[in-house]
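In this note's numbering, the protein residues as written are 3 to 345. The structure under discussion appears below in the form of structure tokens.
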């Protein structure tokens with residue numbers, strides 16, 4: 003079982019393998035001026051940071067404490083209303099000045115990601131470069147993966163959001179979060195929320211976010227059976243008998259007890275369909291429900307990761323050790339779901 007994460011530690015920068023380059027709108031944020039340029043010494047090349055300096059960004063795993071889904075819209079997207087929080091565990095990215103755009107991937111699922119076209123980190127870099135008027139985007143990006151692929155934890159979206167934040171710093175654009183979130187909506191529905199990586203309410207197809215001003219940190223246990231599920235398949239099952247979306251109020255909560263109550267009053271509309279499509283999701287939920295100290299058990303996103311909330315870090319860690327004795331092949335990770343006052 004993985005131990006408690008150390009969020010802020012440095013990520014070693016390994017030699018980078020060059021990847022091919024070239025191939026969000028939030029809360030009313032205006033689209034960035036496409037003619038704006040980052041004018042460093044190289045004119046309309048990306049500039050600013052001195053060679054050798056390294057920028058680090060943390061890509062936090064995303065959890066849907068609640069996920070209410072409505073019938074598919076004419077544009078093909080499903081409307082959602084979701085209470086979203088972020089863990090102190092996730093992926094790490096580094097950014098260094100370079101003449102060209104490159105990406106090196108290590109860690110969980112690295113080989114699969116290297117073989118895929120359309121990596122969201124590179125897409126984020128290219129989207130930001132176009133918006134900033136940078137004709138030749140340059141950055142050496144390192145991505146160290148911990149979040150499993152297809153896990154319902156928003157790993158790809160979190161990585162894309164971290165790329166927007168990191169390159170915003172590297173290229174010295176100084177664009178505000180709202181502007182980056184607006185670009186993020188062009189990359190993926192979850193990217194705007196991941197730009198902020200704070201407790202929030204997510205609506206629309208995911209591009210409409212509202213910060214939750216007061217929300218406590220919550221100890222949790224994440225469990226992934228190391229089997230991915232198809233998001234498209236889960237939504238197709240949901241579409242057989244969709245339900246009207248059930249809106250919720252944006253919560254304000256200072257302590258854990260009422261926060262757990264608010265989360266418990268909601269649901270994940272995709273959970274029963276994921277259980278039907280992948281029996282292992284039901285196995286994970288059952289194993290979590292059998293933990294005596296678990297306060298709330300639920301699936302996040304479209305699966306396959308499930309979680310349980312606890313009263314303390316010690317209770318979450320003990321539950322993780324207990325589960326690991328019978329499910330050594332699962333990813334079992336105790337985390338803190340960070341509150342609204344997290345740095």
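Cβ coordinates follow ideal geometry from the N, Cα and C atoms, glycine included.
For residue 264, the closest C-alpha among the options 130, 64, 68 is that of 68. For the 7 Å CB-CB criterion, residue 276 and residue 149 do not form a contact. In the structure shown, residue 93 adopts extended strand secondary structure according to DSSP, grouped into three states. Secondary structure within the region 141 to 184: the beta strand (DSSP E) runs of 3 or more consecutive residues, fully enclosed, are 141 to 147 (chain order). The beta carbon of residue 240 sits closer than 7 Å to those of 71, 271, 272, 275, all from its chain and outside the five residues before and after it, given in chain order.
In this structure, 279 is the residue among 279, 113, 183, 254 with its C-alpha nearest to the C-alpha of residue 238. In the three-state DSSP reduction, residue 204 falls in the strand class (E or B). Between residue 203 and residue 212, the CB-CB gap stays under 7 Å.
Apart from the 5 residues on each side of it in sequence, residue 341 sits with its Cβ closer than 7 Å to the Cβ of 201, 217, 218, 219 in its chain, given in chain order. Contact annotation: residue 138 and residue 98 have beta-carbon atoms that are not nearer than 7 Å. Contact between the region 324 to 335 and the region 223 to 238 is present: 3 or more CB-CB pairs across the two stretches fall below 8 Å. Short of 7 Å from the beta carbon of residue 247, and not among the five residues preceding or following it, lie these beta carbons of its own chain, in chain order: 70, 71, 72, 81, 83. For residue 64, DSSP records a beta bridge to 88.
Assigned with DSSP and collapsed to three states, residue 309 falls in strand. Fully enclosed beta strand (DSSP E) runs of no fewer than 3 residues are not present anywhere in the region 234 to 294. Residue pairing by DSSP puts residue 226 in a beta bridge opposite 333. For the pair residue 123 and residue 163, the CB atoms are not nearer than the 7 Å cut-off. Below 8 Å, too few C-beta pairs join the region 168 to 186 and the region 298 to 318 to call them touching: fewer than three. Per DSSP, the unbroken alpha helix (DSSP H) holding residue 123 starts and ends at 122 to 134. Exclusion of the five residues before and after residue 158 leaves 122 as the residues of its chain whose Cβ lies within less than 6 Å of its Cβ.
Checking the DSSP bridge columns, you'll see residue 314 has no partner listed. Fewer than three pairs of CB atoms, one per stretch, sit closer than 8 Å, so the region 92 to 109 makes no contact with the region 294 to 302. Distance between residue 166 and residue 125, taken at the CA atoms: about 10 Å.
The DSSP-derived three-state label of residue 98 is strand. Annotation for residue 318: 221, 222, 223, 312, 336 place their beta carbon closer than 7 Å to its own, counting only its chain and skipping 5 residues before and after. The Cβ neighbour count for residue 152, taken over all protein chains shown within 10 Å, is at least 16; the residue is labelled buried. Nearest neighbour of residue 268 by Cα position, chosen from 290, 292, 298, turns out to be 298. A direct Cα-to-Cα measurement between residue 231 and residue 155 gives close to 12 Å. Between the beta-carbon of residue 293 and that of residue 324 there is about 7 Å, and that keeps the pair under the 8 Å contact cut.
The beta carbons of residue 146 and residue 108 sit closer together than 7 Å. The three-state reading of DSSP puts residue 323 in helix, counting H, G and I together.
Taking C-alpha positions only, residue 117 is separated from residue 93 by approximately 19 Å. For residue 113, the enclosing alpha helix (DSSP H) starts and ends at 112 to 117.
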